[in-house]
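Residue numbers (our numbering): 48 to 115. Here the structure is laid out as structure tokens; the discussion comes afterwards.
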Ligand SMILES: [Zn+2]
Ligand SMILES: [Zn+2]
């Protein structure tokens, strides 16, 4: 798979991640790792892990989330 953002500009950069919002393939330059708390259902209700997980998104989806 190739990076979607690079491909739009005529580039052919290999993708190293996939945006978890829109599913586009992303090269390292276009990948944004977002810390995200992991919630888990455990008996008495949801429990949040003290260690944030990781979520890979493209720049467009990160901007869209921020402005939402
Ligand atoms: Zn790229
Ligand atoms: Zn995206």
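Idealized CB from N, CA, C, for every residue including glycine.
Residues that DSSP places opposite residue i in a beta bridge
i	result
residue 55	Paired residues: none, contrary to the question.
residue 113	The partner list for residue 113 (beta bridge, DSSP) is empty, contrary to what the question assumes.
residue 101	82
residue 94	87
First through last residue of the beta strand (DSSP E) which encompasses residue i
i	result
residue 80	78-83
residue 70	Residue 70 -> no beta strand (DSSP E), and no H or E assigned at all.
residue 88	86-88
Cβ pair residue i, residue j closer than 8 Å
i	j	result
residue 75	residue 63	yes
residue 53	residue 108	no
residue 82	residue 112	no
residue 84	residue 50	no
Any chain D beta carbon closer than 8 Å to residue i
i	result
residue 49	Although the question refers to chain D, the structure presented lacks it and comprises just one protein chain.
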